[in-house]
Amino acid sequence: MDEKCLRIAGVKAEEILDCRGNPTVRTTVTLEGGITASASVPSGASTGSHEAAELRDGDENRYGGLGVLQAVENVNSKIAPVILGVCSCDQTRIDSLMIALDGTKNRSKLGANATLSVSLAVCAAAARGKREPLYRYLGGTFTDVLPIPMMNLINGGAHAGNNLDVQEFMLVPIGAPTFADALRCGAETAHSLKKILKEQGHSTAVGDEGGFAPNLENDEEAISLLLRAAEINGYRPGKDVAVSLDVAASAWVRKNSYVQTKSKQKFTKSALAEHYRKLTSEFPILSIEDGMGEDDREGWRILSEKVGKSCLLVGDDLFVTNPDRIREGAAANALLVKPNQIGTLTETVEAIRLARQRGMKIILSHRSGETEDATLADLAVGLGADFIKSGAPIRGERTAKYNRLLSIERELFRPEYGSFFS
Ligand code: PGA
Ligand code: ZN
Numbered sequence: 009m010d011e012k013c014l015r016i017a018g019v020k021a022e023e024i025l026d027c028r029g030n031p032t033v034r035t036t037v038t039l040e041g042g043i044t045a046s047a048s049v050p051s052g053a054s055t056g057s058h059e060a061a062e063l064r065d066g067d068e069n070r071y072g073g074l075g076v077l078q079a080v081e082n083v084n085s086k087i088a089p090v091i092l093g094v095c096s097c098d099q100t101r102i103d104s105l106m107i108a109l110d111g112t113k114n115r116s117k118l119g120a121n122a123t124l125s126v127s128l129a130v131c132a133a134a135a136r137g138k139r140e141p142l143y144r145y146l147g148g149t150f151t152d153v154l155p156i157p158m159m160n161l162i163n164g165g166a167h168a169g170n171n172l173d174v175q176e177f178m179l180v181p182i183g184a185p186t187f188a189d190a191l192r193c194g195a196e197t198a199h200s201l202k203k204i205l206k207e208q209g210h211s212t213a214v215g216d217e218g219g220f221a222p223n224l225e226n227d228e229e230a231i232s233l234l235l236r237a238a239e240i241n242g243y244r245p246g247k248d249v250a251v252s253l254d255v256a257a258s259a260w261v262r263k264n265s266y267v268q269t270k271s272k273q274k275f276t277k278s279a280l281a282e283h284y285r286k287l288t289s290e291f292p293i294l295s296i297e298d299g300m301g302e303d304d305r306e307g308w309r310i311l312s313e314k315v316g317k318s319c320l321l322v323g324d325d326l327f328v329t330n331p332d333r334i335r336e337g338a339a340a341n342a343l344l345v346k347p348n349q350i351g352t353l354t355e356t357v358e359a360i361r362l363a364r365q366r367g368m369k370i371i372l373s374h375r376s377g378e379t380e381d382a383t384l385a386d387l388a389v390g391l392g393a394d395f396i397k398s399g400a401p402i403r404g405e406r407t408a409k410y411n412r413l414l415s416i417e418r419e420l421f422r423p424e425y426g427s428f429f430s
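First residue of the sequence shown: 9, per this note's numbering; consecutive thereafter.
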């Protein structure tokens, strides 16, 4: 048997649960010789309207309509026959076959959840077939840079039942010497934050991504608490730690303005940009994600003029990991990468390449509905991401990715942490 090219011998999908108790797809790919690998797909709550379609059964008698039996069936009886016998290393061919089989622009026939589970499982199996860790199979011999984690320690927006309109307040250990130190900084800060919240009589319940979900006065209070919790542990704001925000402002879009979902506070585009500018002048803010709506190019331009020089402006709903939307251009200087927004690994890699060519920074991201699958960590290292978002360093589906990064860091001969600041 030619060990260099193990062919696909089996493809089997099944319905499993994500961390929110909703069904999702896991696919296991078997290669000739018996090597297997699985991949599970995550699911978002604040999804961009331009994302590839996630196929749900809509049968109200099962999981409130969220079942994925049709997507599972699509893998087992439609995708499998087309890719059986194809060399597992031929990722672009396998992904192209699935794209052609689907035939729609947004994967609505097969489901992006079906295609992505196959795409990632094929890649993981191919790496095993080559006896290489997934990150090295993807990135090559000199892959040695660990991403900087953006850890979501205070949850709001669609991810929590509290009063905060901004979806994510993230701690970013910009000055840590290693990924392990960065993770420790996040965990220590989270524990101090819990203590402070408790002392002040706030709830210490957590949101979907493992961060705390207290009711607070405003954005400023949330950021101050985050930085104070870091300082207690000796981490200096602006030197050792910074803050990243995911506003997820697409949810606030009205005709020509923005209205926050919970507080009902109204902003013009310029007032919202000015609000961010004030925050960035008061606090060490590294990045603002989806500060404006997904189709509000004018808003993004205003935002970029106000804070684009001092701050990373991250496009999530804006780009939805879609090469076409990146080609259209926008006033963002960083790309959030969520493979399930587009549906195959090949298209994900294309999105990253296009963004890099435009000088943008790359952030690999989980979804709010995750599984224990840690593939994202290997993707982040293998595809050379500057940052990774995997929620708080609390809750298993979040730590699965961070713990995998710890292992990768230990495994590398000469690991580098955070190319962004070097
Ligand atoms: P989602 O949120 O997974 O619910 O879309 C994550 C994000 O907006 O970055
Ligand atoms: Zn986002």
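We put the beta carbon where it would ideally sit given N, CA and C, even for glycine. Keep in mind that this is a model prediction, so the values were computed, not measured.
- Rounded to whole angstroms, the gap between the alpha carbons of Arg422 and Asp152 is 7 angstroms.
- Between the region 188–197 and the region 215–228 there are fewer than three C-beta pairs closer than 8 angstroms, too few to call the two in contact.
- Where Asp254 is concerned, the enclosing beta strand (DSSP E) starts and stops at 250–254.
- For the options Ser127, Glu59, Arg64, Thr112, the alpha carbon positioned closest to that of Ile87 is the one of Ser127.
- Annotation for Gly215: no beta strand (DSSP E) segment contains it, and DSSP assigns it neither H nor E.
- Remark: the C-beta of Ala257 is outside contact range of the ligand PGA, defined as less than 7 angstroms to any heavy atom.
- By the Cβ neighbour-count rule, Arg335 is exposed, with fewer than 16 other Cβ atoms within 10 Å of its own.
- If you compare the alpha carbons of Leu311, Lys247, Asp173, Tyr425 with that of Ala340, the shortest gap goes to Leu311.
- Rounded to whole angstroms, the gap between the alpha carbons of Thr352 and Thr100 is 9 angstroms.
- For Asn163, the enclosing beta strand (DSSP E) covers residues 156–163.
- For Phe429, the secondary structure class from DSSP, reduced to helix, strand or coil, is helix.
- The three-state secondary structure of Phe187, taken from DSSP, is helix.
- Look at the beta carbons and you see the region 79–98 touching the region 18–34: at least three pairs across the two are nearer than 8 angstroms.
- At a Cβ-Cβ threshold of 8 angstroms, Val315 and Ser295 do not count as neighbours.
- If the five residues before and after Ser46 are omitted, its C-beta is found closer than 7 angstroms to the C-beta atoms of Arg34, Thr35, Thr36, Ala129, all from its own chain and listed in chain order.
- If you compare the alpha carbons of Ile156, Ala198, Glu207 with that of Val214, the shortest gap goes to Ala198.
- Contact annotation: Ser376 and Gly73 have beta-carbon atoms that are not nearer than 8 angstroms.
- In this chain, the beta strand (DSSP E) harbouring Tyr266 covers 265–267.
- Burial state of Asp67 is exposed, judged by a 10 Å Cβ sphere holding fewer than 16 other Cβ atoms.
- In this structure the region 260–274 does not lie against the region 203–222, because fewer than three pairs of beta carbons, one per stretch, are closer than 8 angstroms.
- With distances taken between CA atoms, Glu424 lies nearest to Ala393 out of Val345, Arg305, Ala393.
- If you check the CB distance, Gly307 and Lys277 come in under 8 angstroms.
- In the three-state DSSP reduction, Thr38 falls in the strand class (E or B).
- When DSSP states are grouped into helix, strand and coil, Gly404 belongs to the helix group.
- For Val49, the CB contacts under 6 angstroms within the same chain, skipping 5 residues up- and downstream, are Thr32, Val33, Asn121, Leu124, Ser125, Asn348 in chain order.
- Gln175 has its Cβ nearer than 7 angstroms to a heavy atom of the ligand PGA.
- The residues Gly164, Gly165, Gln268, Thr269, Lys270, Ser271, in chain order, have a CB closer than 7 angstroms to that of Asp173 in the same chain once the five nearest residues on each side in sequence are set aside.
- The residue among Phe395, Asp304, Ala408, Ala237 with its C-alpha nearest the C-alpha of Ala342 is Phe395.
- Under the three-state reduction of DSSP output, Cys95 falls in the strand class.
- Taking C-beta separations shorter than 7 angstroms and ignoring five residues to either side along the sequence, the partners of Ala132 in its chain run Ala45, Ala47, Leu142, Thr383, following chain order.
- Secondary-structure assignment with DSSP links Val174 through no beta bridge to anything.
- Residue environment: Arg418 is assigned as exposed (fewer than 16 neighbouring CB atoms within 10 Å of its CB, all protein chains considered).
- Check the Cα spacing between Leu224 and each of Leu233, Arg309, Val251, Gly399: the tightest is with Leu233.
- In the three-state reduction of the DSSP assignment, Gly307 falls in the helix class, which pools H, G and I.
- For Arg15, DSSP records a beta bridge to Cys95.
- Remark: the shortest separation between the CB of Leu320 and any heavy atom of the ligand ZN does not fall under 7 angstroms.
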